[in-house]
Amino acid sequence: MSSIVVKNLSKDMGPDKTLEIKKLNLDSPRIIGLLGPNGAGKSTILKLLSGSVEYFKGEIEINGINIREDRQNAVRGIGSLIENPRFYQFVSGGHLLSFISSIRKGSDAGIHEEVASILDQIGLVKKGKALINTYSTGELKRLSLGAAIIGDPDIVLLDEPLDNLDILGELVLDNIINQISEGNNKILIMASHDLGLLEKFCDEVIILIDGKIEETVTMDSGNKKIITLSGEVQSNLSLSKEYEAIGNEIIVELGENEEIISLIRELNSLGYKIKKINDYSVLKRKYLDILKIKGLSIHH
Amino acid sequence: MLFELKKISGFFTLNFWNSRAFSFMAFLTIIISVLMFILTFFTFGSIIQSFVQEGGISLYLPEQLKEATFNFIWGNIFIYIPILGAAFFAAGSISYELEQKTIYQLLSLPVSRDVILLGKLISAFIATATIVSIYIAIQFVSFIIEFQALPSFNFITYYLLALLLTFSDVSMGIAVSTFFSKQSNASISYLILYIVVMDIVSLIFQASGLNPLLIKVNADRIVYRVFMNLDPYVLFYGGSISPVPIWQLLYSVEILGAYTGCFLLIAYLMFLRRGIVK
Chain A
0 MSSIVVKNLS KDMGPDKTLE IKKLNLDSPR IIGLLGPNGA GKSTILKLLS
50 GSVEYFKGEI EINGINIRED RQNAVRGIGS LIENPRFYQF VSGGHLLSFI
100 SSIRKGSDAG IHEEVASILD QIGLVKKGKA LINTYSTGEL KRLSLGAAII
150 GDPDIVLLDE PLDNLDILGE LVLDNIINQI SEGNNKILIM ASHDLGLLEK
200 FCDEVIILID GKIEETVTMD SGNKKIITLS GEVQSNLSLS KEYEAIGNEI
250 IVELGENEEI ISLIRELNSL GYKIKKINDY SVLKRKYLDI LKIKGLSIHH
Chain B
0 MLFELKKISG FFTLNFWNSR AFSFMAFLTI IISVLMFILT FFTFGSIIQS
50 FVQEGGISLY LPEQLKEATF NFIWGNIFIY IPILGAAFFA AGSISYELEQ
100 KTIYQLLSLP VSRDVILLGK LISAFIATAT IVSIYIAIQF VSFIIEFQAL
150 PSFNFITYYL LALLLTFSDV SMGIAVSTFF SKQSNASISY LILYIVVMDI
200 VSLIFQASGL NPLLIKVNAD RIVYRVFMNL DPYVLFYGGS ISPVPIWQLL
250 YSVEILGAYT GCFLLIAYLM FLRRGIVK
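Just so you know, the sequences run in chain order A and B.
Take 0 as the starting number for the first sequence in numbering that gives the first Met the number 0 and just add one per residue.
Take 0 as the starting number for the second sequence in numbering that gives the first Met the number 0 and just add one per residue.
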C-alpha cells in the first residue's frame with residue numbers, strides 16, 4: 000500500500016508567505032485534489048512531495064521512507080508533472096521517456112516495450128522519434144503526462160494537468176486518471192483550478208488558502224441538483240420538496256427522473272421557467288464560501 | 000551510481016550534439032579552421048617572416064622553428080574555442096533547467112544531486128571537447144599538408160592541455176550557470192567575466208608587480224606556449240622562442256587545476272548546499 004505522511008511541514012514561499020501543514024495522511028487507493036487561489040501553495044506541496052525541493056521544516060514520509068533521510072528511495076515510486084516543463088528540445092520524445100524510466104527503475108530492462116506502450120497511451124506513436132522542438136504545445140503536455148506515469152509509479156503528482164491540453168489531451172488525461180484509480184496501490188494528487196476535473200475524479204479535495212489547509216471536502220454531493228430559474232426565487236415559495244434558494248437558483252434533493260419532471264411542472268405552474276439543471280457542486284459552494292470569508296471573492 | 004551517471008551524461012550529451020548551438024559552434028570552428036588554413040598555407044611564408052623579424056630572428060629559420068611558429072599561431076586562435084563552447088554548453092546548462100522549468104523533473108528523479116551535477120559537467124565537457132577536437136584535428140591535418148610530416152611530440156601535450164583547458168572552462172561555465180535562472184544571462188556573464196574582467200585583473204596584477212600567471216586567462220595560454228614560450232598578452236614577460244620549460248608548464252597546470260577545483264566547489268555549494276531550487 001502506498002502512503003504519504005506529512006507532519007509539521009513548513010516552507011517559505013516568498014515574502015510573508017509560508018506553507019504550513021500540521022498533519023496530512025494519505026493512503027492508497029486515493030485521488031486527491033488540491034484547490035486554492037494562485038500562490039496558495041498547491042505547486043509548493045507537489046514540489047516538496049516530489050523531492051525536487053529539499054529545504055523545508057518538518058517531516059515528509061513517502062511509503063514509510065523519510066524524504067530527508069533517504070530522498071532517492073523515497074521518491075523512486077513517484078512520478079510528477081510540475082510547472083509545465085518545456086523539456087529538452089534536442090532529444091526525441093521516446094528518448095526522454097526511456098531516460099526517465101531507466102533512471103526511475105535503475106535498469107534498462109523492458110524499456111523499449113514500456114516506451115512504446117506509453118507513446119501509444121499518450122497518442123504520440125508517430126512523433127516518438129521526432130525531436131521535442133517539433134512538438135506542439137498540446138503534444139508537449141501529453142509527453143509531460145507520459146513522463147509522469149512512465150515507470151509505473153505508485154504516487155503520481157500532477158500540477159495543473161489540464162493546462163495547454165487539447166481535446167485529445169483531455170481524453171489521454173481521463174484515461175490516465177481512470178487507469179490510476181483502478182490500481183489499488185496508487186495515490187494521485189492533482190493541483191488544479193478546474194473544479195469540473197476535481198469533482199469528476201477526486202475522492203477528496205484539499206482547499207488551500209495562504210499556505211494552509213482550510214478544509215478537506217469529501218466529494219459526495221448525493222442527488223442534489225441546482226436549478227437555475229428565469230427569475231428571482233420568492234421568499235415564501237412553497238414547493239413539495241425541501242429546498243434552499245439563492246438568488247435565481249434553488250438547491251434540491253432529487254432522486255428519479257419523475258421527481259425532476261414533477262418539480263419542473265410545479266415550478267412552471269408557479270410562473271418560473273427553467274434555464275438549466277445541474278448536479279449540485281459541494282466543492283464549488285464550499286470553495287466560494289471560504290473565499291468569501293477570507294475576503295478573496297469578487298463583489299458584484 | 001555509475002548507471003545513473005552514464006544515463007544522465009549520455010542524455011544531456013545527446014541533447015547538446017543535436018542542438019543548434021552545437022551545429023553553430025561546429026560550423027564556426029570549421030570556418031575559423033579554414034581561415035587559419037588559408038592564413039598559414041598560402042600566406043604563412045610572409046607571416047612567419049614578419050613574425051620572426053619582429054623578434055630580431057634570422058630569416059633563415061630552421062624547420063623546427065617554422066613548425067613551432069605554425070602551431071603557435073593556430074594555438075593563439077584556439078584559446079577562444081573552449082571559451083565559446085563553454086559559454087554555450089556549460090554556462091547555460093543549469094540556468095536552462097531553471098528557465099525551462101525542467102529542473103523539477105530532473106531533481107525529482109531518484110538520483111542524488113551530485114550525480115546530476117557531475118552528469119551535467121561531463122556532458123558539457125564532451126560537447127565542448129568535441130568542438131575543440133574538430134579544430135585541433137583540422138590543425139593537425141593542415142600541419143601535415145604544410146610540412147609533409149607529422150608534428151612533434153609537443154602536439155600531444157598541446158592536445159592534452161587543450162582538454163584540460165576545456166575542462167577548466169566548462170567548470171567555470173557550470174559555476175556561473177548556478178547563479179542565473181536565464182541561459183542568456185549566464186552565457187553573457189560568463190563571457191564578460193572571461194574576456195573583460197579577467198583581462199582587467201591581469202593588467203592590475205601586472206601593474207602591481209604581482210605574478211600575472213596567477214590569473215586564469217594567462218595560465219590558459221600555457222596551451223600554445225608548449226610550442227613557443229611567448230605570451231603577447233602579458234607585458235614585460237621574459238619569454239623565448241623555445242618551448243615552455245617543464246616547471247613553468249607544471250606551474251600553469253597547477254593553477255588551472257586550482258581554478259577548476261574552485262569552480263567545481265562553487266558549483267557544488269550553489270547546486271547542492273544552497274539549493275538551486277529553494
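Ideal Cβ positions, reconstructed from N, Cα and C, are used throughout, including at glycine.
Contact criterion: CB-CB distance below 8 Å. Does residue i meet it with respect to chain A?
i, result
"residue 107/B", "yes"
"residue 205/B", "no"
"residue 267/B", "no"
"residue 228/B", "no"
"residue 57/B", "Bear in mind that a pLDDT of 49 at residue 57/B, under 50, signals an unreliable position, so the number given afterwards is only what the model happens to contain. No - not a single Cβ of chain A is within 8 Å of the one on residue 57/B."
"residue 27/B", "no"
"residue 10/B", "yes"
"residue 1/B", "no"
"residue 156/B", "no"
"residue 13/B", "yes"
"residue 138/B", "no"
"residue 241/B", "no"
"residue 18/B", "yes"
Rank the options by C-alpha distance to the C-alpha of residue i and give the top, closest one.
i, options, result
"residue 76/B", "138/B, 118/B and 125/B", "138/B"
"residue 215/B", "32/B, 28/B, 166/B and 154/B", "166/B"
"residue 64/B", "146/B, 86/B and 80/B", "146/B"
"residue 160/A", "47/A, 171/A and 0/A", "171/A"
"residue 243/B", "84/B, 153/B, 36/B and 206/B", "153/B"
"residue 270/A", "147/A, 55/A, 28/A and 229/A", "229/A"
"residue 267/B", "168/B, 174/B and 193/B", "174/B"
"residue 227/A", "62/A, 266/A, 55/A and 66/A", "266/A"
"residue 115/A", "132/A, 138/A and 149/A", "149/A"
"residue 138/A", "152/A, 121/A, 151/A and 128/A", "121/A"
"residue 53/A", "206/B, 92/B, 1/B and 112/B", "112/B"
"residue 92/B", "93/A, 22/A, 183/A and 87/A", "87/A"
"residue 255/B", "177/B, 161/B, 198/B and 196/B", "161/B"
"residue 232/A", "223/A, 249/A, 225/A and 182/A", "249/A"
"residue 274/A", "294/A, 110/A, 247/A and 175/A", "247/A"
"residue 87/B", "169/B, 68/B, 227/B and 62/B", "169/B"
"residue 6/A", "100/A, 20/A and 281/A", "20/A"
Spell out whether any CB of chain B is found under 8 Å from the CB atom of residue i.
i, result
"residue 1/A", "no"
"residue 61/A", "no"
"residue 90/A", "yes"
"residue 146/A", "yes"
"residue 57/A", "no"
"residue 98/A", "yes"
"residue 199/A", "no"
"residue 210/A", "no"
"residue 234/A", "no"
"residue 49/A", "yes"
"residue 46/A", "yes"
Assuming residue i contacts residue j (C-beta within less than 8 Å), just tell me the rounded distance between them.
i, j, result
"residue 187/A", "residue 179/A", "5 Å"
"residue 209/A", "residue 31/A", "So it is not a contact: roughly 20 Å between Cβ atoms."
"residue 42/A", "residue 165/A", "Not a contact, Cβ separation roughly 23 Å."
"residue 102/A", "residue 6/B", "6 Å"
"residue 146/A", "residue 80/A", "7 Å"
"residue 154/A", "residue 77/A", "5 Å"
"residue 316/A", "residue 59/A", "The requested residue 316/A is not part of the displayed model; chain A covers only 0 to 299."
"residue 94/B", "residue 182/B", "5 Å"
"residue 207/A", "residue 33/A", "6 Å"
"residue 229/B", "residue 240/B", "7 Å"
"residue 4/A", "residue 109/B", "Actually they are not in contact, since the Cβ atoms of residue 4/A and residue 109/B sit about 19 Å apart, beyond 8 Å."
"residue 129/B", "residue 270/B", "The Cβ separation is near 24 Å, so there is no contact."
"residue 126/B", "residue 12/B", "6 Å"
The ligand ADP and residue i: does any heavy atom of the ligand fall closer than 7 Å to the residue's C-beta?
i, result
"residue 128/A", "In the structure on display, the ligand ADP does not appear, and there are no ligands present to speak of."
### Query
Which residues, taken in chain order from the region 109-134 of chain B, show a beta carbon closer than 9 Å to some beta carbon of chain A?
Answer in chain order: 109, 110, 111 and 112.
### Query
For the region 172-194 of chain B, which residues have a beta carbon sitting closer than 7 Å to at least one beta carbon of chain A?
Answer set for the region 172-194 of chain B: empty.
### Chain-ordered residues of the region 127-142 of chain A with a beta carbon less than 7 Å from chain B
Those would be 130, in chain order.
### Task
Identify each residue in the region 69-88 of chain A for which the Cβ-Cβ distance to at least one residue of chain B is less than 9 Å, and report them in chain order.
For the region 69-88 of chain A, the set of positions with a beta-carbon nearer than 9 Å to some beta-carbon of chain B reads 70, 71, 72, 73, 74, 75, 76, 77, 78, 79, 80, 81, 82, 83, 84, 85, 86, 87 and 88 in chain order.
### Query
What beta strand (DSSP E) runs, 3 residues minimum, are completely inside the region 199-276 of chain B?
Taking only runs of at least 3 residues, no beta strand (DSSP E) segment lies wholly in the region 199-276 of chain B.
### Query
Hey, which unbroken runs of the alpha helix (DSSP H) at 4 residues or more fall wholly within the region 23-98 of chain A?
The alpha helix (DSSP H) runs of length 4 or more contained entirely in the region 23-98 of chain A are, from start to end of the chain, 41-49 and 70-74.
### Message
What ranges does the alpha helix (DSSP H) occupy inside the region 162-186 of chain A, keeping only unbroken runs of at least 4 residues that lie completely in it?
### Response
Secondary structure within the region 162-186 of chain A: the alpha helix (DSSP H) runs of 4 or more consecutive residues, fully enclosed, are 166-181 (chain order).
### Task
Please go through the region 93-138 of chain B and give each complete alpha helix (DSSP H) segment of 4 or more residues, from N-terminal end onward.
Runs found: 102-106.
### Query
Fully enclosed by the region 241-293 of chain A, which alpha helix (DSSP H) runs are 4 residues long or longer?
Runs of the alpha helix (DSSP H) lying entirely within the region 241-293 of chain A and spanning at least 4 residues, in chain order: 256-268 and 281-292.
### Task
Output the residue ranges of the beta strand (DSSP E) runs that lie fully inside the region 205-233 of chain A and measure 3 residues or longer, sorted by chain position.
DSSP assignment within the region 205-233 of chain A yields the following whole beta strand (DSSP E) runs of 3 residues or more, N-terminal first: 211-217 and 223-228.
### Query
For the region 73-102 of chain B, which residues have a beta carbon sitting closer than 8 Å to at least one beta carbon of chain A?
Residues of the region 73-102 of chain B whose Cβ lies closer than 8 Å to any Cβ of chain A, in chain order: 99, 100, 101 and 102.
### Query
Just by C-beta distance, which residues in the region 173-194 of chain A are closer than 7 Å to chain B?
When C-beta distances to chain B are compared with 7 Å, every residue of the region 173-194 of chain A stays at or above that value.
### Message
At a CB distance below 7 Å, what residues from the region 2-23 of chain A approach chain B? Give them in sequence order.
### Response
From the region 2-23 of chain A, no residue has a Cβ closer than 7 Å to chain B.
### Task
Could you name the residues of the region 100-114 of chain A whose beta carbon sits closer than 8 Å to any beta carbon of chain B, in the order they occur along the chain?
Contacts with chain B (Cβ-Cβ distance below 8 Å) from the region 100-114 of chain A involve 101, 102, 103, 105 and 106, listed in chain order.
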